[in-house]
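Structure first, then comments.
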DNA sequence: CCTTGATCCTGTAGTGGCTACAGAAGTTAT
DNA sequence: ATAACTTCTGTAGCCACTACAGGATCAAGG
């Protein structure tokens, strides 16, 4: 059993974040030692690591929570996992498209800018109605 | 002079957002009519439209504010505008890269998933230490 | 004139997902 | 014994809005 600092080190999840996950009911409340300190089992730390990976993959915390539950359920509902993941991939692709659109727009806006200009073409463009 | 609803319609900036920009000092406080209602000049509405465009380009609000000030300053500091824009483009590119990395990772994770599986390959992978 | 509905006002709280304190108490190392 | 570390609870801040609540005011129709 490990104190929260050690659990944080082993899982890569910050101390404050671990307590936050507990408050939010994302992970079960850990045991407490006689001095009131949280004590984490290897399984608890496994959960934190799982959540960390989900978050690194960009899943919303609510999804990460769902995936954790699916992972601990009796039957692994592969279909539900895939649905979540595919929905998330679609979101990611949408974001990529949006950012590429932004990138192109920004490049076009700054295309005619150079330091010698009296009036800035980008500002002019932003002012047009 | 226009009431806030009309200013919102003309600028595309939501009513609550307009009041928020005022609270935050992003835009100057508008005149008030005798009944205490905010009254917006065409110039005020122009500012809101300017901010809207900046936000649509993904600039943080603080940058949008800076751009607005640059736009209203005596000399248009094209260099400062470019610096802001280029910094922002770099951020956008970083985000794109990160999202592409996520997309690839998600696809790989779900590659071996299909509905007939007893245990889910993606969950197994997320559980590995 | 009266009602209905739209608009506006202020102030506050919620979103997501942490992160950063403050102030107290306990633990560990020298 | 003292210093330095860790943990505890509780609260507030981040970004950029968004969504109320509860009240005042206004415009249009009957």
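Residue numbers (the UniProt record's numbering), protein chains in the order written: chain A, 1 to 129; chain B, 1 to 129.
In this text, a Cβ means the ideal position worked out from N, Cα and C, and glycines have one as well.
Predicted model only: the values in this text are computed from it and were never measured.
Of the candidates B:35, B:33, B:41 and B:51, B:51 places its Cα closest to the Cα of residue 17 (chain B).
Measuring C-alpha to C-alpha distances from residue 38 (chain A) to each of A:112, A:1 and A:122 identifies A:1 as the nearest.
Taken through DSSP and simplified to helix, strand or coil, residue 37 (chain B) comes out as coil. With contacts defined by Cβ atoms closer than 8 Å, residue 49 (chain A) and residue 73 (chain A) do not form a contacting pair. In the three-state scheme derived from DSSP, where H, G and I count as helix and E and B as strand, residue 32 (chain B) is classed as strand. In the structure shown, residue 2 (chain B) adopts extended strand secondary structure according to DSSP, grouped into three states. Here residue 44 (chain B) is buried. Its C-beta has 16 or more other C-beta atoms within 10 Å. In summary, residue 26 (chain A) is buried, with 16 or more beta-carbon neighbours lying within 10 Å of its beta-carbon over all protein chains present. It is roughly 56 Å from the alpha-carbon of residue 29 (chain B) to the alpha-carbon of residue 78 (chain A). In terms of beta-carbon proximity, residue 108 (chain B) stays away from the interface with chain A, with every pair separated by 8 Å or more. Contact note: residue 88 (chain A) reaches chain B through 102 and 106, using a C-beta cutoff of 9 Å and chain order. Around the beta carbon of residue 53 (chain A), 16 or more other beta carbons lie within 10 angstroms, which makes this residue buried. Using a Cβ-Cβ distance cut-off of 8 Å, the region 92–107 of chain B and the region 60–70 of chain B are not in contact, since fewer than three pairs of beta carbons, one from each stretch, lie closer than that value.
The C-alpha of residue 76 (chain A) lies about 6 Å from the C-alpha of residue 120 (chain B).
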